[in-house]
Amino acid sequence: MSKQNFVHLHCHTEYSLLDGAARIKDLVRRTAELEMPAVAITDHGAMFGVVDFYKEASKAGVKPLIGCEVYVAPRSRLQKEPKLDDYQYHLTLLAKDQEGYRNLMRIVSAGYIEGFYYKPRVDHELLSKHRSGLIALSGCLAGEIPSRLNRGRDSEARELAGRYREIFGADNFYLELQDHRLPEQQAVNKGLCNLARDLGTGLVATNDVHYISREDAAIHDVLLCIQTGKTIHDSNRMKFETDEFYFKSPAEMAELFRERTEALQNTLEIADRCRVDFRFDRLYLPEYDLPPEVGEAGDYLEQLCRKGLKKRYREITESLEERLTYELKIINQMGYANYFLIVWDLIKYARSTDVLVGPGRGSAAGSLVSYCLGITDIDPIGNALIFERFLNPDRVSMPDIDIDFSDDKRNLVLNYVAEKYGAERVAQIITFGTMAARGAVRDVGRALAFAYGDVDRIAKMIPNEIGMTIGRALNQSKELQAIYREDERYQKLLDTSMAVEGMPRHASTHAAGVVISANPWSAMFPF
């Protein structure tokens, strides 16, 4: 462990959508700069950024701690009555190990699938069922226990602390101390310390990180305005009352909690106990349901390709035979036979139900196997296309086969996939709408209470080109440069827009991307 005496265990990245202004790269970079040994990701209710965070932290030599700040329903996650179930409490969860990571995914997924009501919500029943391998922290002022203490309901807070201690175990539940210079936190922290003493429960110090530096508080405030449809001048809106929600240094945290050094030390101990390792060198491909008389997927793939070869070519030359044999060898060697069979099956089904299917796009057109299976309709031999651009044993990555189905009947194919492989093994993928250059200016302009016409004029000065950024537009446009230099209001507009540019704005379901798992999602891959 590092000589530093503190690790951040409560951090919100840009994937706490429109509430986190700490980009993953900046979060990890700042952790490394401060020579802190580890850092956690605990986004609101979701784990969207976990893989990117893990890769970035590992690359920087920082230990990634995988977590989530879940929303806890006031009653059951299954109860969704107005006024009774509108509010959610916060609870910080960290995965200790692989089992804990799987349980965290189960909890978060159930929050969306079963408990969603304004937010993805969990409850004590779900936490009890999937508690193994997890460490729980009591959360911010919006946590169940702190909120009870804040309202003077000390006996209820004590009962809840005992319940959480029972759910997670005495060694895996901590009362979370925070100090953002909010008056109510002082009284709540005193109550938490009393509970810790009376119940023998550990204390842990955290900072509820929503941005990297103190100066970023204004950017975070704009994000909150975008989220809630308000302007910075609205008095009745969601707002953080101080600028203390930044990534504080160990020295700053030591000063804040100088009388609770054990709460600082516990951050190191928790970080030391948590180790989740992701493997990116293994594939978890589903298997195609082979006919009874066929032994191996590779054998069936070859049978189909031999039939397809005869349909595609009038004369089967030696060079065609050699090319097909070579491709099949590479495909089987890399373990992709089932993948090709699944894609072939989807296209076969689509054509049998009059769903329009495109001729194939991208590097897959270079594969004779794809052509023989009817996955593509472009002759790779006649057009001298190269197979290795599509699948290369020296570059171990999944082959990318782009398939186009007509929009109006795409749901038929999706339903077929779910029926054939089981709904518990099939899921559509997520996609994120991000704040591109023009969109960022418009969103920020509304939050800063600019007149629509003024913002629209500035936004239209940014060329509507793929990959265009506000910075590039400033370099290219002398008119935009002049406005930026001469008017502080527009300078603030553009600076703030550049700060949020590219951040995810909202999540939605991808129109066509589908994941088929080898195992039911409830089993969660044995990472």
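In the working numbering, the protein residues as written are 27 to 553. We treat Cβ as the ideally placed atom computed from N, Cα and C, and that holds for glycine. Small disclaimer: the values here were computed from a predicted structure and weren't measured.
- Contact between W370 and L330 holds: their C-beta atoms lie close to 7 Å from each other, under 8 Å.
- Rounded to the nearest angstrom, the gap between the Cα atoms of I139 and R483 is 42 Å.
- Per DSSP, the beta-bridge partners of T460 are P530.
- With a 10 Å radius around the Cβ and a threshold of 16 neighbouring Cβ atoms, Q211 comes out buried.
- Counting only runs of at least 4 residues, the stretch 261–295 fully encloses the following alpha helix (DSSP H) elements, listed from N- to C-terminal order: 276–282.
- In this structure the stretch 178–187 does not touch the stretch 130–148; the number of beta carbon pairs closer than 8 Å is below three.
- Its chain contains A463 and I488 as the residues whose beta carbon lies nearer than 7 Å to that of M494, once the 5 sequence neighbours on both sides are disregarded; these appear in chain order.
- Of S432, E527, A222 and K155, the smallest CA-CA separation from A187 is found for A222.
- In the structure shown, T522 falls within a helical segment according to DSSP collapsed to helix, strand and coil.
- Fully enclosed beta strand (DSSP E) runs of no fewer than 3 residues occupy 160–163 of the stretch 138–189, in order along the chain.
- Counting only residues of its own chain and dropping the five nearest sequence neighbours on each side, K265 has a CB closer than 8 Å to the CB of D247 and L250.
- In the three-state DSSP reduction, P90 falls in the strand class (E or B).
- Of A64, C300, A47 and W547, the smallest CA-CA separation from A244 is found for A47.
- By DSSP's assignment, F431 forms a beta bridge with V383.
- In this structure, N233 sits near H34, with a CB-CB distance shorter than 8 Å.
- Rounded to the nearest angstrom, the Cβ distance from V96 to I133 is 6 Å, consistent with a contact under 8 Å.
- A distance below 8 Å separates the beta carbons of Y200 and G228.
- Straight across, the Cα-Cα distance linking L175 with Q502 is about 56 Å.
- For E202, the uninterrupted beta strand (DSSP E) run begins and ends at F199 to L203, by DSSP.
- With fewer than 16 other Cβ atoms from the protein chains shown falling within 10 Å of its own Cβ, S534 counts as exposed.
- By the Cβ test, the stretch 356–369 is in contact with the stretch 304–313, since at least three Cβ pairs between them sit closer than 8 Å.
- In the assembly as shown, Q517 is an exposed residue. Its beta-carbon has fewer than 16 other beta-carbons within 10 Å.
- Residue environment: I542 is assigned as buried (16 or more neighbouring CB atoms within 10 Å of its CB, all protein chains considered).
- Take G392, set aside five residues on each side of it, and the residues of its chain with a beta-carbon closer than 6 Å to its own are P406, L411, I412, F413, R415 and F416, in chain order.
- If you draw a straight line from the Cα of L117 to the Cα of H70, it comes to about 10 Å.
- In this model, T351 and L394 are separated by some 10 Å (Cα to Cα).
- Separation of the CB atoms of V443 and L372 is rounded to 7 Å, and the pair is thereby assigned contact status at 8 Å.
- Beyond the five residues adjoining it in sequence on each side, Q204 comes within less than 7 Å, by CB distance, of C166, Q211, T232, N233 and D234 in the same chain, given in chain order.
- Judged by their CB atoms, L290 and N31 are nearer to each other than the 8 Å cut-off.
- The DSSP-derived three-state label of L229 is strand.
- For E125 against S158, the beta-carbon gap comes to about 6 Å, under 8 Å, which counts as contact.
- Per the C-alpha coordinates, the member of A544, A58 and Y80 positioned closest to D315 is A544.
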